[in-house]
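Have a look at the structure below, then the notes.
Protein chains: 2
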Amino acid sequence: MSDDASALSTAQRLRQEIENDIAAGHLVPGERLDEVSLATRFHVSRTPIREALQQLAMAGMVEIRPRRGAVVASLTPERLYEMFEVMAELESMCCRLAARRLGPSDAFALERAHRACEAVRHDHDAYYRANEVFHQAIYAASGNTFLAEQARLLQRRLQPYRRLQLRVRNRVQNSFSEHERILAALMAGEGEEAARIMRPHVQVQGERFSDLIASLKLLGAA
Amino acid sequence: MSDDASALSTAQRLRQEIENDIAAGHLVPGERLDEVSLATRFHVSRTPIREALQQLAMAGMVEIRPRRGAVVASLTPERLYEMFEVMAELESMCCRLAARRLGPSDAFALERAHRACEAVRHDHDAYYRANEVFHQAIYAASGNTFLAEQARLLQRRLQPYRRLQLRVRNRVQNSFSEHERILAALMAGEGEEAARIMRPHVQVQGERFSDLIASLKLLGAA
DNA sequence: GAACGTTTCCTTGTATACAAGAATGATGAG
DNA sequence: CTCATCATTCTTGTATACAAGGAAACGTTC
């Protein structure tokens, strides 16, 4: 069907590269994206760079101000809250569907990802990556590839901010035990229960949200 | 904040134009989008056209096959089902939030949109447009602008297919009475109830899905 | 010394030229 | 008559040249 993923246009490749830099925090919100700098850096002309930037603009990762260049999109606290609210709902939905449709290979992948989280629970950065994989396993288990893509997209967009979250004390420990309960519920076919645990697991509220905003301000993101 | 919506780059304008043509069914799924034709049609060179196409590709409205040009994205029945499933969930979420956060102006807009639907309930095409406005009023009432944007985006993407749906016998009548119940629930602050009605209202399942696929085949969309 | 206006420079926006990969049609063999 | 191979043509991909709008720096005036 749509599996010729090997065929990537240059613009798409460039988009991924820049996207990675943004997600990894190498390019910070508000930072200017100069077309000629990017062009020389990637050894191409401005044309494909501009095409990549247009793509990133649609993905919400950069903001293009006509005649004034592109900057890495910076989210206001309000918008960030909104996005986490939607992310929580999408992941809840994944849980509900996954519990109903869970196949053997999905179950295996989930357990594998969970054990990987457990193995690195004392290393923040490693846990961060393993956590990402665990959540993606749930997206895939939903059996709805469109939903999985959307969730993946939003996850990626929130990545720079989510990373900050885990720095909070005991967050990794809590996160892991929530995973455990989610996994158990999924295996038992209790979709509603899994969804109910997933929601606050993802959504950043109350104190946790204040903490996130505080770290944001430290970064100087406008 | 982010309110200088008047500033649109040429590429963005072109994207909207082409997007409208797709949503309106003037450009059908699978149709080839020739760069030079579009360029001459809009009196610009290929460069901004290409930028617009890259944007549309990210929005999922066109598919770009490297070296082989862009075509209007055509959805498989499976994918269509998946997208409606997500759409239903997003709109349910809007209901849940809207019931909690409903302000006087939101309530007014909702009632207004509902009355507009009632006024044109015997004209399929007019109802189709009024229906769109009603749903958008709910998105706005959610108080989550990001959610509203996402819902709007997906609504737009499904627009060509949604239009086919309403042609089914009695669909408009059923749609309208469902609106009534949703509205009543929202006004009463019964978010869960509104969400519960909204889900099947949006999601295309069972017979209705078969009908949709049948109309699709008539269109000849691969 | 500060603020305003002017000029210069730099960046973005667009068109166009050229290169290179598909699609198409023709020609030949089986 | 059908299929394969090759040549031609057409379309896309990329670089570059030029135009035009901001930004910044400079000088001038109050």
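Those protein sequence lines, which keep their order, are chains A and B. Quick note: the first sequence uses the working numbering, first residue 1, plus one each step. Quick note: the second sequence uses the working numbering, first residue 1001, plus one each step. Virtual Cβ for every residue (Gly too), placed ideally from N, Cα, C. Remember, predicted model here, so these are calculated numbers, not experimental data.
#1: Which of the residues in the region 1140-1151 of chain B, read from start to end, lie with their CB under 7 Å from any CB of chain A?
#2: Going by the CB atoms, is the gap between B/G1189 and B/R1096 shorter than 8 Å?
#3: What residues from chain B crowd round A/A11, counting only those whose CB sits closer than 7 Å?
#4: Tell me whether A/A5 sits in a helix, a strand or coil according to DSSP, three-state version.
#5: For B/A1007 versus B/P1048, is the C-beta distance shorter than 8 Å?
#6: Along chain B, in chain order, which residues have C-beta atoms closer than 8 Å to that of A/P29?
#7: If we require 3 or more residues per run, which beta strand (DSSP E) segments fall completely within the region 1067-1148 of chain B?
#8: Does DSSP put B/A1221 in a helix, a strand or coil?
#9: Under DSSP, the alpha helix (DSSP H) around A/R41 begins and ends at which residues?
#10: Within the same chain, show all residues whose beta-carbon is closer than 7 Å to that of A/V71, passing over the 5 residues directly before and after it, in chain order.
#11: Does B/E1178 come out as helix, strand or coil in the three-state DSSP assignment?
#12: Can you name the residues of chain A whose CB is closer than 8 Å to the CB of B/R1079?
#13: With DSSP run on the structure shown, which of helix, strand or coil describes A/V28?
#14: Taking DSSP as the reference, what is the three-state secondary structure of A/R65?
#15: CA-CA distance, B/G1143 and B/A1098?
#16: Since B/V1086 meets chain A, which of its residues come closer than 9 Å, beta carbon to beta carbon?
#17: Counting only C-beta atoms, is B/Y1066 closer than 8 Å to chain A at any point?
#18: Under the three-state reduction of DSSP, which class applies to B/S1226: helix, strand or coil?
#19: Just checking: is the beta-carbon of A/E82 within a distance shorter than 8 Å of some beta-carbon in chain B?
#20: Look at the alpha carbon of B/H1179 and the alpha carbon of B/A1151, and state the distance between them as a whole number of angstroms.
#21: What are the boundary residues of the alpha helix (DSSP H) that includes B/N1020?
In this structure, then:
#1: N1144, T1145, F1146, L1147, Q1150
#2: no
#3: Q1054
#4: Confidence at A/A5 is low in this model, with a pLDDT of 44, below 50, so the placement of that residue is unreliable and no value is reported for it.
#5: no
#6: Going along chain B, no residue has its Cβ under 8 Å from A/P29, so there is no contact; the nearest lies around 14 Å.
#7: 1069-1072
#8: Reliability fails at B/A1221, whose pLDDT of 42 lies under 50, so the model's placement of it is uncertain and no value is given.
#9: 35-42
#10: G30, E31, R32, L33, V62, E63
#11: helix
#12: T145, F146
#13: coil
#14: strand
#15: 7 Å
#16: L90, M93, N144, F146, L147, Q150
#17: Note on identity: in this sequence residue 1066 of chain B is Pro, with Tyr being the wrong assignment. Answer yes: the Cβ-Cβ gap between B/P1066 and chain A drops below 8 Å somewhere.
#18: A question about residue 1226 of chain B goes unanswered here, because the residues of chain B that appear run from 1001 up to 1222.
#19: yes
#20: 17 Å
#21: 1010-1023
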